[in-house]
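Asker: Sharing a structure here in structure tokens format.
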Amino acid sequence: MGFCCDLEVDVNGEETFLLDKKILITFSSKLNRLFGGLTSKAGTLKVILPDFPGGAEGFELIARFCYNNGRAEISPFNAVLLNCAACFMEMDQVCSGTPSLLHQTEKSLEEINSWTWSQLLVALKQYQDLLPAMNSSCLLQKILDSLVGRLALPSVVSPCTPSSGCSSFQLSSDSRSSDSVRNSWSRTTWWFEDLVFLNADLIDKVVKMMVSQKLDHVTLSRFLFYYQKSRFFIAGPAEKRKTTEVVVTLLSSLDRSSVSCKGLYDILRMALSLKVSKCCKNILESLIGSQLDQATLDNLLVPSPHGKGCIYHVNLVLRLLKSFLGGQFSSTQLKKVAALMDFYIAEVSPDSSLKPTKFVALVAALPDSARDSYDGIYQATDIYLEV
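Heads up, the sequence shown stops at 387 in UniProt numbering, and the numbers go up one at a time, no gaps.
This is how it looks when you write it as structure tokens:
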């Protein structure tokens, strides 16, 4: 028995399919509502499907399912796409005893915990590529539960097989110690590059789940710094800004002691040029301020915003000092910050555009107990008065 071609389907303006209307409406409630009541006398019909999930590739899978009498080869590599396409086409009805495509894909997704790491990544990438058409929080939860669950296992290792060139038997006794450190590092960070493809919204969900699963905060902070730097190579200004805001918020959810001070200053310099939200700036300055005793002079020598006159961003440093003093600190930490500020004041004192009120604010920012000696302050004051 031959097939007729009485239905023309335009998929996202990418490709047009000529198909048998009767075969498709048998499995798709959406098409059945549109054309089920029409007779063959209506001639060739046309339907435009804009925003079809997966485009022409996705629709071809649907057409193959229909022409194959409700049978499909569903695998981890197409389950998410088929599930989304089935929802779009409303393929949720049993036909002649054959389970609907939606039911078949959902049964396949129930096996997600047995999928390999690579298959989970493919599913997650498909989910991201199908947004906003794929907006199933339940499906995303399944994927993330399995993905993060793998990383939460104490014995988890990279799914990649190490090359023979990395064999420890080829190493000299002098290099075994450093190689052990590298191997230990790679055992906790092998997944970093695998997740860089995720957009900021999904990375927010992934990391929040990692935190809830008690993954090591040091590893998570390193991942966030790695993610932020990696995304900057391929992102435009708007995406850079969004990524920075999400990363900063996620870093603030981790133990402060697990977050690198240097990494925070790197983000700060990027954030200042991106015009991130005020909320993001406040969170970032709070994070940095709480670790001000770990900063270096170079960290604080941030150029002043364009048109502000001063060479360095003194207002930023004053805000960081305020944040530090507003938290908990020991006398040792206070003295470290005082020593750092003495160096900073000495560095900015020759700046003739620095207003007296700002210079005084820097000098008076810390309590008297912070310094054992004021020699550095006196010398900087002399220099400032001479310029």
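All C-beta atoms, glycine included, are put in the ideal place defined by N, C-alpha and C.
Where does Lys-21 sit, in a helix, a strand or coil, going by DSSP?
Answerer: Helix, per DSSP.
Asker: Apart from the five residues on each side of it in sequence, which residues of its chain come closer than 7 Å, Cβ to Cβ, to Cys-4?
Answerer: The residues are Asp-20.
Asker: Note the first and the last residue of the continuous beta strand (DSSP E) segment covering Lys-46.
Answerer: From DSSP, the beta strand (DSSP E) with Lys-46 extends over 45-49.
Asker: Is Gln-126 closer than 7 Å to Leu-195 when the C-beta atoms are compared?
Answerer: Their beta carbons are not under 7 Å apart, which means Leu-195 does not touch Gln-126 by this criterion.
Asker: Please list, in chain order, all residues of the same chain as Leu-251 whose beta carbon is under 7 Å from its beta carbon, the five residues on each side excluded.
Answerer: Correct list, in chain order: Ser-221, Leu-224, Val-259 and Leu-287.
Asker: Can you tell me the Cα-Cα spacing of Gln-213 and Ser-230, whole angstroms?
Answerer: Near 25 Å, if we compare the C-alpha coordinates of Ser-230 and Gln-213.
Asker: Would you call Thr-161 buried or exposed, if buried means 16 or more other Cβ atoms sit within 10 Å of its Cβ?
Answerer: Caution applies to Thr-161, whose pLDDT of 42 falls short of 50 and renders its modelled position unreliable; the value that the coordinates give is listed next. Result: exposed.
Asker: Can you give me the C-alpha to C-alpha distance between Thr-327 and Phe-77, rounded to a whole angstrom?
Answerer: The residue asked about is misnamed: residue 327 is Gly in this sequence, not Thr. When rounded, the distance between both Cα atoms is 50 Å.
Asker: Cutting at 7 Å between CB atoms, please list the residues of its own chain near Gly-36, excluding the five before and the five after it.
Answerer: Once the five neighbours on either side are set aside, the close Cβ partners of Gly-36 are Ile-25.
Asker: Beta-carbon separation of Leu-98 and Gly-54 under 7 Å?
Answerer: In the sequence under discussion, the amino acid at residue 98 is Thr, which differs from the Leu named in the question. Going by C-beta atoms, Thr-98 is not nearer than 7 Å to Gly-54.
Asker: To the nearest whole angstrom, what separates the beta carbons of Thr-244 and Met-210, a pair I think is in contact under 8 Å?
Answerer: That belief does not hold up - the Cβ atoms of Thr-244 and Met-210 are roughly 19 Å apart, past 8 Å.
Asker: How many angstroms separate the CA atom of Ser-177 from the CA atom of Trp-190?
Answerer: Caution applies to Ser-177, whose pLDDT of 44 falls short of 50 and renders its modelled position unreliable; the value that the coordinates give is listed next. Going from the Cα of Ser-177 to the Cα of Trp-190 covers about 20 Å.
Asker: Tell me whether Asp-216 sits in a helix, a strand or coil according to DSSP, three-state version.
Answerer: The answer is coil: DSSP assigns Asp-216 none of H, G, I, E or B.
Asker: Please state if the CB of Leu-102 and the CB of Met-89 are separated by a distance shorter than 7 Å.
Answerer: No, these two residues do not count as a Cβ contact at 7 Å.
Asker: Can you tell me which of the three DSSP states Glu-14 falls into?
Answerer: Coil, per DSSP.
Asker: Would you report the Cα separation of Ser-29 and Glu-239, rounded to the nearest angstrom?
Answerer: So the two alpha carbons sit approximately 38 Å from each other.
Asker: Verify whether the separation of the beta carbon atoms of Ile-62 and Asp-10 is less than 7 Å.
Answerer: Contact flag unset, no.
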